[in-house]
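For reference, the structure discussed in these notes is given below.
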Amino acid sequence: MPKKAKKSFQSVKGMADILPQSQPYWEYLRQCVHKTAQAYGFERIDTPIVEDEDLFKVSAGETSDIVQKQMYSFKSKGGDNLVLRPEGTAPIMRSYIEHGMLNLPQPLKLYYMGPFFRYEQPQGGRYRQFYQFGFEVLGEESPVVDAQLVNIFINIMKEVGFKNIEAQVNSIGCKECRPKFRSALVAYYKHNINKVCKDCRKRVKSNPLRVLDCKDEKCLQLKQRAPQTLDYLCDSCQRHFKYVLEYLDELEIPYALNPHLVRGLDYYTKTVFEFFLKEKDEAQPEGAEAPSFAVGGGGRFDALGDVIGNKKVFSAGMAGGMERIVYFMKKMEIKVPQGPQPHVFIAQLGDMGKKKSLKLFENLRSKGIRPVEFFGKDSIKSQLRIADKMGIKHTLILGQKEALDGNIILRDMESGIQELFPMDRIVDEIKKRLKK
Ligand code: AMP
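If you count the sequence shown from 1, you need to add 7 to reach our numbering.
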């Protein structure tokens, strides 16, 4: 019987491997996030990847794309309806209320980093598993927080090495004033219902604000004359937004007012913002393709605590899309630290040489020296070739004879000069040479 062809496995659609050559970019981005978080007094929080499905239904809203189309939901063996978390803010609010963090001195400044899952149509910069970092300030009503969050995001990006980050800001009002805007929007789109895309025809009824987010050419055209949130803000929202803009001016943060900016989730109130890398960054090489997607976003969510746990929690936050940021880091050729280089190569030959080399490796490592080895190889020539390729300056050679005599050869890879040392002096000798 012919043998059945074996299945060839690939990563799941929309979920990418982060390969070793990309790791230095990710590591550097993570470091910049940690450093900035510490500088602004944010504490790290990690919530589970799996949450109760209802957490997102009540927070993001039943009509949001996330809940309607994008959740990875499943039933546990115990019959609970669970999901892979699609976003980070609702879990943090859940945790904040669950652990009584309201009773701590407010505001609480928390940050997180990790994978999120949305069943989206994968395309450039859009994945089904993606990483975000996020910053949340919980328990503070002042508009100064909204401006600070914009500032922090921009500072993370600057720390990474980007020069021109564009912040777009808007206010979408609160539950007092948004219904009036919503009605005006529905009236406008109903009047023009034949001019919007198929999806938006439904959205006009179910989630009209989302029509403003649609990237379809027809909808983009129509949006230009659509009602603007700012014309419908109540006094309190207007005042709040005025202060946000004043603080941004004070911080000398360049921003663009985008009166049609909305966010895909129901829980946003008042300030919303989104970040883009400018089409032409100074660090961008001539002729490089213009970047086009948002690298982060956020806003105020004063109503979230109420829907999750019947608590009034004034709060605001932002999140950055790490795949997209790494994409731009590579595209704009941002230089990142390349992990620590090994100090010394250990080349070995013969049974005895190999055994002693194993010990030597541990000895060097415990003294803070970074050795590298290819103990599986048996030819000195091929090991020296590898050391050369790795650009390592010092190689230790331990053959059968040296091992028996208690000696070791130290080879300077640049000059090719080899010297014999007693084994018990070699660590000090390497230390001395590394200091030079
Ligand atoms: P959001 O949570 O939708 O406000 O998104 C915040 C940021 O996360 C966006 O600006 C993107 O940079 C990034 N992001 C959101 N969804 C995805 C996705 N499906 N794939 C990759 N990045 C994403």
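Cβ coordinates follow ideal geometry from the N, Cα and C atoms, glycine included.
Everything numeric in this text was worked out from a predicted model, so none of it was measured.
Worksheet item: Since N370 sits in a beta bridge, which residues does DSSP pair it with?
Response: Paired residues: none, contrary to the question.
Worksheet item: Would you call the region 98-113 and the region 74-83 touching, i.e. three or more CB-CB distances under 8 Å?
Response: no
Item to complete: Note down, one range per segment and in chain order, each alpha helix (DSSP H) of at least 4 residues found wholly within the region 375-414.
Response: 387-396 and 407-412
Discussion item. For G48, which residues in the same chain have their Cβ closer than 8 Å to its Cβ, ignoring the five residues on either side in sequence?
Written reply: Counting only Cβ-Cβ distances below 8 Å, and skipping sequence neighbours, we find K116.
Discussion item. Less than 7 Å separating the Cβ of R37 from some heavy atom of the ligand AMP?
Written reply: no
Practice prompt. Express the C-alpha separation of E340 and K209 in angstroms, rounding to a whole number.
Written response: Near 43 Å, if we compare the C-alpha coordinates of E340 and K209.
Worksheet item: Which residue comes first and which comes last in the alpha helix (DSSP H) that contains T43?
Response: Q30 to A46
Practice prompt. Could you give the DSSP three-state label for S277: helix, strand or coil?
Written response: The amino acid occupying residue 277 in the given sequence is Lys; Ser does not appear at that position. Collapsing the DSSP output to three states places K277 in a strand.
Worksheet item: Quick one: is the Cβ of V302 within less than 7 Å of any heavy atom of the ligand AMP?
Response: yes
Discussion item. Within the continuous beta strand (DSSP E) that includes R208, where are the two ends?
Written reply: Looking at the DSSP string, R208 is not in any beta strand (DSSP E); the run it does join, the alpha helix (DSSP H), is K205 to S213.
Worksheet item: Looking at C-alpha atoms only, which residue of K42, E426 and N414 is the closest neighbour of E50?
Response: Just measuring C-alpha positions, the residue of K42, E426 and N414 sitting nearest E50 is K42.
Item to complete: Compute the minimum distance between the beta carbon of F1 and the heavy atoms of the ligand AMP, and state whether it is under 7 Å.
Response: Nothing in the structure corresponds to residue 1, since the chain is present only between 8 and 443.
Worksheet item: Does the pairing of the region 316-326 with the region 349-357 give three or more beta-carbon distances under 8 Å?
Response: The region 316-326 makes no contact with the region 349-357: fewer than 3 CB pairs, one atom from each, lie closer than 8 Å.
Discussion item. For Y134, which residues in the same chain have their Cβ closer than 7 Å to its Cβ, ignoring the five residues on either side in sequence?
Written reply: G21, M22, A23 and E330
Worksheet item: Between the region 167-187 and the region 256-269, do three or more beta carbon pairs fall short of 8 Å?
Response: yes
Fill in: Closer than 7 Å: R133 CB and nearest the ligand AMP heavy atom
yes
Worksheet item: Do you know how far the Cα of R92 is from the Cα of I200?
Response: 34 Å
Discussion item. Can you tell me whether Q139 sits near the ligand AMP, meaning its C-beta is under 7 Å from at least one heavy atom of the ligand?
Written reply: Q139: yes, Cβ under 7 Å from the ligand AMP.
Item to complete: Give a yes or no on contact between the region 187-198 and the region 229-244, applying the rule of three or more CB pairs nearer than 8 Å.
Response: yes
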